[in-house]
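Before any comments, here is the structure.
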Amino acid sequence: MSDDPQARIAALEAENARLREVIKAKERIATRALASFQQRALQMEIIRQQNEDLERIANDLAQSKDFVRKIEESARLKSEFLANFSHEIRTPLNGIIGYCDLLSQEEGDRLTAHGRKDLSTIKANARTLLALINDILDLSKIEAGHTELVKEIVDVQALIDECAATLREHLKGKDVALRVYVASKATRAFTDPLKLRQIALNLLTNAAKFTDFGEVNVSVVTRGDGLVLTVEDTGVGIPADQLESIFEKFRQVDGTRTRKAGGTGLGLAIVRELCRVLGGQISVKSTLGRGSTFTVELPGALEVSEDDAPAHQSSTSMRLSRAAPAPTAHDERKVLVIDDDPMVLALFRNALEREGLELLTARDGIDGLRQAREHKPRVIVLDIRLPDLDGWSVMS
Numbered sequence: 002m003s004d005d006p007q008a009r010i011a012a013l014e015a016e017n018a019r020l021r022e023v024i025k026a027k028e029r030i031a032t033r034a035l036a037s038f039q040q041r042a043l044q045m046e047i048i049r050q051q052n053e054d055l056e057r058i059a060n061d062l063a064q065s066k067d068f069v070r071k072i073e074e075s076a077r078l079k080s081e082f083l084a085n086f087s088h089e090i091r092t093p094l095n096g097i098i099g100y101c102d103l104l105s106q107e108e109g110d111r112l113t114a115h116g117r118k119d120l121s122t123i124k125a126n127a128r129t130l131l132a133l134i135n136d137i138l139d140l141s142k143i144e145a146g147h148t149e150l151v152k153e154i155v156d157v158q159a160l161i162d163e164c165a166a167t168l169r170e171h172l173k174g175k176d177v178a179l180r181v182y183v184a185s186k187a188t189r190a191f192t193d194p195l196k197l198r199q200i201a202l203n204l205l206t207n208a209a210k211f212t213d214f215g216e217v218n219v220s221v222v223t224r225g226d227g228l229v230l231t232v233e234d235t236g237v238g239i240p241a242d243q244l245e246s247i248f249e250k251f252r253q254v255d256g257t258r259t260r261k262a263g264g265t266g267l268g269l270a271i272v273r274e275l276c277r278v279l280g281g282q283i284s285v286k287s288t289l290g291r292g293s294t295f296t297v298e299l300p301g302a303l304e305v306s307e308d309d310a311p312a313h314q315s316s317t318s319m320r321l322s323r324a325a326p327a328p329t330a331h332d333e334r335k336v337l338v339i340d341d342d343p344m345v346l347a348l349f350r351n352a353l354e355r356e357g358l359e360l361l362t363a364r365d366g367i368d369g370l371r372q373a374r375e376h377k378p379r380v381i382v383l384d385i386r387l388p389d390l391d392g393w394s395v396m397s
């Protein structure tokens with residue numbers, strides 16, 4: 002190294018400059034490294050938070066699924082309870098109606114006019130309550146998934162005529178005309194007759210309930226391969242803001258007119274669910290004070306596949322052959338009633354013995370089968386809900 006101070010100073014300054022550049026370069030590297038570290042730390046924190054959020058969402062989802070499962074189970078149990086409860090209520094109600102009929106037939110001439118009126122009132126109220134219970138039972142069956150779809154070839158004209166005959170009883174005392182139209186191409190269909198009948202009857206009954214004068218029109222026409230059932234009335238109509246909710250359970254149009262008409266608010270809900278079961282839909286148009294029009298569309302109701310009809314006919318004939326052996330093997334005077342309710346048995350005894358028929362009774366399915374084989378009765382009346390062996394098992 003030179004001893005020249007100036008040279009040494011210059012060399013030191015050059016070294017210092019180089020070191021400063023090195024330090025600056027290191028600082029830049031450190032800054033970038035720190036920024037990268039901070040970015041990665043931030044990303045890790047975000048990932049951690051996301052993991053916590055995902056875990057919380059997963060827990061919430063699991064709890065929600067469990068909650069939904071519990072709700073569905075609760076709804077199923079509720080529907081089954083309502084079905085069982087409604088069945089137990091229907092039995093005594095049918096007994097009341099039956100005894101009213103017996104009393105009217107046997108003692109009608111001996112009753113005073115006031116007594117006959119009271120008896121008629123008892124029967125009418127029992128029928129009203131039975132209709133309400135039937136609504137609850139029908140809807141609970143649908144919600145519990147116990148509704149079986151049984152399609153067959155249906156005489157639509159006859160079915161609608163039957164519903165119209167029933168409706169005329171509801172229209173007695175009202176200035177309401179009932180008009181029926183079934184297009185020639187719509188007189189036969191392939192669908193479930195019980196469900197189609199209930200849809201038509203519920204809509205017609207609803208129309209009669211809210212129509213005091215004017216007319217109720219029911220028509221059935223074809224549209225493509227389907228049926229279109231329309232029920233139109235000139236009744237009170239439905240407010241526009243309530244059209245979307247009238248098919249909900251227990252929903253009734255507000256107002257004194259609706260409360261006067263009564264009902265559970267289940268009729269239209271049942272119609273909507275039955276339409277869904279049949280693969281169709283229902284819609285409504287209404288003008289307040291001028292009336293309502295309900296339209297049911299059932300696509301495919303005119304189609305009969307080669308497999309459908311024969312299969313149904315075959316199963317039907319099998320059921321009939323099991324339920325009704327050859328008439329020559331029967332005692333024409335014997336009737337077997339299989340029911341675990343003593344009131345039902347007593348009602349049948351009172352009704353049948355006065356007609357000169359011999360009544361056989363059984364309180365369970367096993368005894369019922371034994372008596373059926375032993376006595377070979379002409380008619381068997383069978384309850385479905387039986388101890389030991391239920392009605393379905395007895396028939397099978």
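Per my numbering, the sequence shown starts with residue 2, numbered consecutively.
Every residue, glycine too, gets a C-beta built ideally from N, C-alpha and C.
All of these numbers come straight from a predicted model, not from anything done at the bench.
1. Indicate whether E249 and T235 have their beta-carbon atoms separated by less than 8 Å.
2. According to the Cβ coordinates, are R128 and I98 closer than 8 Å?
3. Flag this pair as yes or no: are the beta carbons of L94 and S105 separated by less than 8 Å?
4. Any chance the region 370-382 sits against the region 122-136, with 3 or more Cβ pairs inside 8 Å?
5. With C-beta atoms as the reference, is I381 less than 8 Å away from L267?
6. Using C-beta distances below 7 Å, list every residue in its chain close to A302, excluding the 5 sequence neighbours before and after it, in chain order.
7. Would you check if there are 3 or more beta carbon pairs closer than 8 Å linking the region 144-155 to the region 194-209?
8. Can you tell me which of D365, R371 and F349 puts its alpha carbon nearest to the alpha carbon of L358?
9. Residues in the same chain with beta-carbon distance under 8 Å from V395, minus the five sequence neighbours each way, listed in chain order, please.
10. Judging by CA-CA distance, which residue of I385, A373, D342 and E354 is the nearest neighbour of R364?
11. Kindly indicate the opening and closing residues of the alpha helix (DSSP H) around L205.
12. Of all the options A59, P300, L230 and V221, which has the alpha carbon lying nearest to the alpha carbon of S185?
13. Could you check what DSSP says for K175 in three-state terms: helix, strand or coil?
14. Helix, strand or coil: how does DSSP classify D61 here?
15. State the Cα-Cα distance for the pair A241 and L275, rounded to the nearest angstrom.
16. Within its chain, find whatever has a CB closer than 6 Å to the CB of L83; leave out the 5 residues flanking it on each side and keep chain order.
17. So, T231 versus T296, is the Cβ gap smaller than 8 Å?
This is what the structure holds:
1. no
2. yes
3. no
4. no
5. no
6. A190, F191, T192, G227 and L228
7. yes
8. F349
9. I339, G366, G369, L370, L383 and L387
10. D342
11. P194 to K210
12. V221
13. coil
14. helix
15. 24 Å
16. I137 and S141
17. yes
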